[in-house]
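Taking it in order: structure first as structure tokens, then the write-up.
Right, here's the structure in full:
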């Protein structure tokens, strides 16, 4: 399978090999479009909320309401970890991905490796604990993995990105604007629906041929609206900063 570019990219190719070893046929699967990726994310969120409600009810029955209230973020993280652990980490599609007929791919045109899937699960499941803590933990995990392999002392690209993202997250107000900008970029390009998938390098490809009119469907208008919103917010923030300085 191949990872397509952000816009006007070539389709993803999968070669089917016969039992004798000769290539029998090559099927081309295009990269997934924004509507299907958004629909899959919404479907996953629906099932995560159902799972979280059941886990929360179980915790309250066993430990009481006070225990759940004091550990709500940990319960949320555990529920997300269970959901993505049984799907993404296990090498299977999530319920939303299966519903929309899309499959995860990595930058090397293959199904994501176990390490990449583990990083993605950590980023997705740990978001309830706070983005700064999750990003810092993911960076430490990558550093430990690199040192165990005896790699060079210099940090990799993913480690540097995680470090910068963690520093921005600690500043508070910058991260929501960054998430909005990232969502607007996704609406324009159709790549990396979430920051977690961008940091893990995971994208989507269709598992079926495109239907008529599906190729041209996109959310560019929403991306433009978000870009306008960010511009207005940045202007207001700049004006307030100048007023405070005066």
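Numbering (our numbering), first residue to last: 26 to 271. Every residue gets a Cβ at the ideal spot worked out from N, C-alpha and C, and that includes glycine.
Quick check on residue 127: buried or exposed, where buried means 16 or more other Cβ atoms within 10 Å of its Cβ? Counting from one through the chain shown, the residue named residue 127 turns up at place 102. Counting Cβ neighbours within 10 Å, residue 127 comes out buried, since at least 16 surround it.
Alpha carbon of residue 206 to alpha carbon of residue 58, nearest angstrom: What you label residue 206 is simply residue 181 of the chain shown in a count that begins at 1. What you label residue 58 is simply residue 33 of the chain shown in a count that begins at 1. For residue 206 and residue 58, the distance between alpha carbons rounds to 19 Å.
How far does the beta strand (DSSP E) with residue 124 in it reach, from first residue to last? Translated into the one-based positions of the chain shown, residue 124 becomes position 99. Per DSSP, residue 124 belongs to no beta strand (DSSP E); it is in the alpha helix (DSSP H), 120-125.
Should the segment 164-175 be regarded as contacting the segment 118-137, the criterion being three or more beta carbon pairs within less than 8 Å? no
Terminal residues of the continuous beta strand (DSSP E) containing residue 229? Looking up residue 229 in the chain shown gives position 204. It spans 228-231 - the beta strand (DSSP E) in which residue 229 sits, taken as one unbroken run.
By a C-beta neighbour count over all protein chains shown, 10 Å radius and 16 as the cutoff for buried, is residue 132 buried or exposed? In the chain shown, the residue the question calls residue 132 occupies position 107. When all chains shown are included, residue 132 counts as exposed.
Residue 160 and residue 190 - do their beta-carbons sit closer together than 8 Å? Mapped onto the chain shown, residue 190 falls at position 165. Mapped onto the chain shown, residue 160 falls at position 135. Yes, the Cβ-Cβ distance between residue 190 and residue 160 is below 8 Å.
Which residues in the same chain as residue 187 place their Cβ atom closer than 8 Å to its Cβ, once the five residues preceding and following it in sequence are excluded? Against the chain shown, residue 187 aligns to sequence position 162. Cβ within range, chain order: 160, 161, 163, 164, 167 and 224.
Is DSSP giving residue 144 helix, strand or coil here? Taking the chain shown and counting its residues from 1, the one referred to as residue 144 is at position 119. Reduced to three states, the DSSP call for residue 144 is helix.
Would you identify the three-state DSSP class for residue 167, choosing helix, strand or coil? Sequence index remark: in the chain shown, residue 167 carries index 142 (1-based). Three-state result, residue 167: helix.
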